[in-house]
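Novice:
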Ligand code: PEP
Ligand code: MG
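In the UniProt record's numbering, the protein residues as written are 251 to 568.
(1) Between 301, 427, 479, which lies nearest to residue 508 when the distance is taken from Cα to Cα?
(2) What is the DSSP secondary structure of residue 435, reduced to helix, strand or coil?
(3) Taking DSSP as the reference, what is the three-state secondary structure of residue 374?
(4) Under DSSP, the beta strand (DSSP E) around residue 203 begins and ends at which residues?
(5) Is any heavy atom in the ligand MG found nearer than 7 Å to the beta carbon of residue 431?
(6) What does a CB cutoff of less than 8 Å around residue 401 pick up in its chain, not counting 5 residues either side in sequence?
(7) Relative to the C-alpha of residue 521, which candidate in 484, 387, 339 has its C-alpha closest?
(8) Under the rule that 16 or more other beta-carbon atoms within 10 Å means buried, what is residue 547, buried or exposed?
(9) Where do the N-terminal and C-terminal ends of the beta strand (DSSP E) with residue 440 fall, by residue?
(10) Do the region 557-567 and the region 534-541 make contact, defined as three or more Cβ pairs closer than 8 Å?
(11) Going by beta-carbon coordinates alone, are residue 274 and residue 526 separated by less than 8 Å?
(12) Please determine whether the Cβ atom of residue 457 lies at a distance below 7 Å from any heavy atom of the ligand MG.
(13) According to the neighbour-count rule (16 or more other Cβ atoms, all chains shown, within 10 Å of its Cβ), is residue 300 buried or exposed?
(14) Using the Cα positions of residue 505 and residue 422, report the straight-line distance between them to the nearest angstrom.
(15) State yes or no: is the C-beta of residue 458 within less than 8 Å of the C-beta of residue 408?
(16) Based on the DSSP secondary-structure assignment, which residues constitute the bridge partners of residue 498?
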């Protein structure tokens, strides 16, 4: 079975009737890139940069960050590398950043909210990403976006960084693409508005599920309620994909759901453009896609979206 899968490494993720999608990898550090390449993935859909910050005893300098991002870009040889700006807070702490204890950390000071309040820190990261962008196809992605204002503020800071690099004659990709994680209800529900502000979406189903269902993703007491097959989550995902396509931008998914083989045909039928997951799932998902029919997957999606409970959804997906 493993040998069978390996034969697919250099094959495209294309359905029997010709719909092509991307299978991308998720990484937490440059060390993870080799596994992604070996899995046959054609890009990196999520580079969780916070691990660079968490595995250090000081705030990584622009130079340190630049080196890390550059290595990833170079190893991927021109294939897309989606670098997510740091997603600290929630359950992720930084020893050298004194974050206050909070009653509801997942609803609190987290990710882009921290970046926008700590402009120097954010600019250091953005400059490092920009400088690395000359070595490949880097895209910038903001985490935990819940309002349009956050995108505009972040982009204004990005423009400042570009200007500063221009002034000192540093080179970067002038057409660098900027996108957002869609992982909060406030973004998903009016995704068509957000789509006008960015170049791409990536659906973060881990948080989207948590926030849509009001179920803490790490709390065992409610883990039976945490289910991305919940019809509310599925309808949100469909809305986000449709909004992206209506605005002419691409949409990927980088939450765990993208690598769940029970969901592959459904997501395909929903029109998802890119599936980003841990390297270990890539070939299995590719195999399912290659054995699927896009037109059939679309019909089957209509049936799935009519179901009322997660159990019904999973049953029908079999
Ligand atoms: C997500 O929320 O689905 C996601 C990919 O981000 P993280 O798991 O890092 O919060
Ligand atoms: Mg998330």
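Ideal placement from N, C-alpha and C gives every residue a C-beta, glycine not left out.
Specialist: According to the data block:
(1) Here residue 508 refers to the residue found at position 258 when the chain shown is read from its first residue. Measuring from the Cα of residue 508, the nearest candidate turns out to be 479.
(2) As a working mapping, residue 435 is identified with position 185 in the chain shown. Helix, per DSSP.
(3) Start at 1 with the first residue of the chain shown, and residue 374 comes out as number 124. Three-state result, residue 374: helix.
(4) Missing from the structure shown is residue 203; the chain here goes from 251 to 568 and no further.
(5) By 1-based counting over the chain shown, the position of residue 431 is 181. Residue 431: yes, Cβ under 7 Å from the ligand MG.
(6) Reading the chain shown from its first residue, position 151 is the one you call residue 401. Here the set comprises 392, 395, 430, 444, 447, 448.
(7) For the purposes of this step, residue 521 is identified with residue 271 of the chain shown, where counting begins at 1. With distances taken between Cα atoms, residue 521 lies closest to 484.
(8) Residue mapping note: residue 547 aligns to position 297 of the chain shown, counting from 1. That one is buried.
(9) Residue 440 sits at position 190 when you count from the first residue of the chain shown. Residue 440 -> no beta strand (DSSP E), and no H or E assigned at all.
(10) no
(11) For the purposes of this step, residue 274 is identified with residue 24 of the chain shown, where counting begins at 1. For the purposes of this step, residue 526 is identified with residue 276 of the chain shown, where counting begins at 1. Their beta carbons are under 8 Å apart, which means residue 274 touches residue 526 by this criterion.
(12) Within the chain shown, residue 457 is the residue found at index 207, counting from 1. Result yes, Cβ under 7 Å from the ligand MG.
(13) By 1-based counting over the chain shown, the position of residue 300 is 50. It counts as buried.
(14) Translated into positions along the chain shown, residue 505 becomes position 255. Translated into positions along the chain shown, residue 422 becomes position 172. Computed Cα separation, rounded: 29 Å.
(15) Locating residue 458 in the chain shown gives position 208, where the first residue counts as 1. Locating residue 408 in the chain shown gives position 158, where the first residue counts as 1. The answer is no: Cβ separation not under 8 Å.
(16) Walking along the chain shown from the start, residue 498 turns up at place 248. Note: residue 498 sits in no beta bridge, so no partner.
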